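Take a look at the structure below.
Here it is as structure tokens:
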């Protein structure tokens, strides 16, 4: 194997970096990825990150506990802005999840073999992000223990049922289906790798645990055949599903008659934004991961460059959507829509709108340059900026439309409280905690799919 | 040992090419009850032993149909029969508004059918299987390729089958006890 210093440099002009470092065998791939898990040595950075994340998770639990005791009055929401941080954060987190499904399902169908080394942890990212997202609709009801029959069609003695004409109920079905399918996809991807872990385990207890998770997988050709069919079909199902999820989320807004929300281009605009922020999160996780665990020959510069290109493309769609929002406001010549445009450019929250343009349109233009796409740390910074911008986008959409609707006498302002912020930051801690526990206990890169990338894996005629 | 019944004869290969060659050879020699064990999906191996058709797609189709019909029926029954609420004069059976949930339920049914159908057809979870008795078999999930001809095959005979397998020059041939 070539040393990492040689792998992680930008190749000469016109040459694309490989998708896997040279000199790998079936054995080295297995040992490298399983080696992160099958060791008694827990790295110091892992302990540090998990400690900080667990502290933030504790803060989340405290804030949610107080919320359940006192009610949603501890948040900054009021009339007219009845949807505040909870919805902003919900849309932000669920959007982040979308890149995981794009990588694992859509790129699989397009036979993009570079997806292989990042699909596993991108799927994990999806599941953990959807968990954070799901938390917000649940707690924003104030009484989540009653929310079961508000959200799901559960028979109850009052004989009431959810309203199926409402996008909010579509959302419940879309998000819960999305979580289930993502979990299944991730789960069946892990079965053969659990078998590898079982067979590489050094102690009986570890062997038993991974053995139970592997469910007796033995790599039989008949099993692989059915497995591949199921995997491809799941990918085919997840592809329209992921497009439907953020479309339905956008319909929560678009079906209403609030100026700035009532537009038909919301679904594709939201989906593009979701993939944009999701790829930013993939890079925010992949860059530290490959550096901390020395995985530069598995997650190569090629992966980072490709992710950057997807970000650039979806970022351009998002930029187009911002332009279109402004254009449609003017073109409609509807005074409320015009007032909405004016409010964005000159209203009390215009600072956030200009920050949004800076974060989501101007700074990401640096991705046109190969020097930025080939530098992990520059890419990391751009990703942080994009995720900030995407959060601001949801803030602009939710708050700026609600604060000034039709009647000026009912206009108002919205500011978050410390409880809003504690819950938001707390979910970031929870996400990080789940992610690092995942890295320590499960193969963060798909071992069996990585084996198919090396030349020895092909059958020679 | 010879009087003990065995599960089959297991040949170990170092490369996928050798394995596929051996599997094709065994198939053309008339063996049918056999299986290959590989560390990653090897389409050629499944084809060589005549196992490239499966019923997963059919199960997924059934799952999707059940989800679709179930989802739509639920919406219809709730909105038009059990709890009809007049919302802005919309009809109780307002089918366009029922499509998103119908779609999600179809995907959910299909996805559950894909995973659990695949596991059921594969007979997993399976706590015990004789092939794990084969020494070295833990490399089947790492870097080795195995062909096992099962003793249930009518053509199976300890000496002839071993001779056939030897002609493919495997790394090793072992008897797999039950």
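Chains as they are written, first to last, in my numbering: chain L, 1308 to 1768; chain X, 4 to 181.
Glycine is no exception: its CB is placed at the ideal position from the N, C-alpha and C atoms.
Here the structure is a predicted model, which is why all the values come from computation and not from measurement.
For this session: In the DSSP assignment, find the unbroken beta strand (DSSP E) run with residue 108 of chain X in it and report its ends.
Result: Unbroken run through residue 108 of chain X is the alpha helix (DSSP H), 98-125; no beta strand (DSSP E).
For this session: Measure the CB-CB distance between residue 1498 of chain L and residue 1440 of chain L and report whether it falls below 8 angstroms.
Result: no
Exercise. Going along chain L, which residues have a C-beta under 7 angstroms from residue 134 of chain X?
Worked result: 1525
For this session: Could you tell me whether the Cβ of residue 35 of chain X comes closer than 8 angstroms to any Cβ of chain L?
Result: no
For this session: Look up residue 38 of chain X in the DSSP assignment and say whether it is helix, strand or coil.
Result: strand
Exercise. Would the segment 63-79 of chain X and the segment 30-43 of chain X be scored as touching if the rule is three or more Cβ pairs under 8 angstroms?
Worked result: no
For this session: Mind checking who residue 13 of chain X pairs with in its DSSP beta bridge?
Result: X:151, X:177
Problem set entry | chain L contact residues for residue 54 of chain X, given Cβ-Cβ distances below 7 angstroms | 1528, 1529, 1532
Exercise. Taking all protein chains shown into account, do 16 or more other C-beta atoms lie within 10 angstroms of the C-beta of residue 1730 of chain L, making it buried, or fewer, making it exposed?
Worked result: buried
Exercise. Which chain L residues sit within Cβ distance under 9 angstroms of residue 117 of chain X?
Worked result: 1491, 1495, 1536, 1537, 1538, 1540, 1541, 1544
Exercise. Name the DSSP beta bridge partners of residue 1716 of chain L, please?
Worked result: Residue 1716 of chain L pairs with nothing; no bridge assigned.
Exercise. Excluding the five sequence neighbours on either side, which residues of its own chain have a C-beta within less than 8 angstroms of the C-beta of residue 1571 of chain L, listed in chain order?
Worked result: 1561
Exercise. Any C-beta of chain L sitting closer than 8 angstroms to the C-beta of residue 172 of chain X?
Worked result: no
Exercise. For residue 1527 of chain L, which residues does DSSP report across the bridge?
Worked result: X:40
Exercise. If you count every other CB in all the chains shown that lies within 10 Å of the CB of residue 1509 of chain L, and 16 or more means buried, which is it?
Worked result: exposed
Problem set entry | Buried or exposed by the 16-neighbour rule on C-beta atoms within 10 Å, applied to residue 152 of chain X | buried
Exercise. On the premise that residue 1541 of chain L lies in contact with residue 1492 of chain L, defined as a C-beta separation below 8 angstroms, what is that separation, rounded to the nearest angstrom?
Worked result: 5 angstroms
For this session: For residue 32 of chain X, name the three-state secondary structure that DSSP assigns.
Result: coil
Exercise. If we ignore side chains and look at the alpha-carbon of each, how far apart do residue 15 of chain X and residue 145 of chain X end up?
Worked result: 13 angstroms
Problem set entry | Partners in chain L for residue 40 of chain X, counting only beta-carbon separations shorter than 8 angstroms | 1525, 1526, 1527, 1528
Exercise. By DSSP, does residue 1417 of chain L sit in helix, in strand, or in coil?
Worked result: coil
Exercise. Taking Cβ positions, are residue 1618 of chain L and residue 1586 of chain L nearer each other than 8 angstroms?
Worked result: yes
Problem set entry | Any chain X beta carbon closer than 8 angstroms to residue 1470 of chain L | yes
For this session: Give me the Cα-Cα distance between residue 1662 of chain L and residue 1696 of chain L, rounded to the nearest whole angstrom.
Result: 7 angstroms
For this session: Specify, as a first and last residue, the run of the alpha helix (DSSP H) that residue 1474 of chain L falls within.
Result: 1474-1507
Problem set entry | Length of the line joining the Cα atoms of residue 113 of chain X and residue 167 of chain X | 43 angstroms
Problem set entry | Residue-chain proximity (residue 1466 of chain L, chain X), Cβ-Cβ < 8 angstroms | yes
Exercise. Chain L partners of residue 106 of chain X, CB-CB under 7 angstroms?
Worked result: 1551
Exercise. Secondary structure at residue 93 of chain X, three-state DSSP: helix, strand or coil?
Worked result: coil
Exercise. Are the segment 42-53 of chain X and the segment 1526-1533 of chain L in contact at 8 angstroms, needing three or more beta carbon pairs?
Worked result: yes
For this session: Using the Cα positions of residue 1405 of chain L and residue 1577 of chain L, report the straight-line distance between them to the nearest angstrom.
Result: 11 angstroms
Problem set entry | Residue ranges of each alpha helix (DSSP H) within the segment 1632-1683 of chain L, 4 or longer | 1642-1653, 1657-1664, 1677-1680
Problem set entry | Per-residue DSSP class, three states only, for residue 1700 of chain L | helix
For this session: Could you check the C-alpha separation between residue 1751 of chain L and residue 1686 of chain L for me, to the nearest Å?
Result: 21 angstroms
For this session: Decide if residue 1720 of chain L is buried, meaning its Cβ has at least 16 other Cβ atoms within 10 Å, or exposed.
Result: exposed
Exercise. For a contact meaning CB atoms closer than 7 angstroms, what does residue 47 of chain X contact in chain L?
Worked result: 1766
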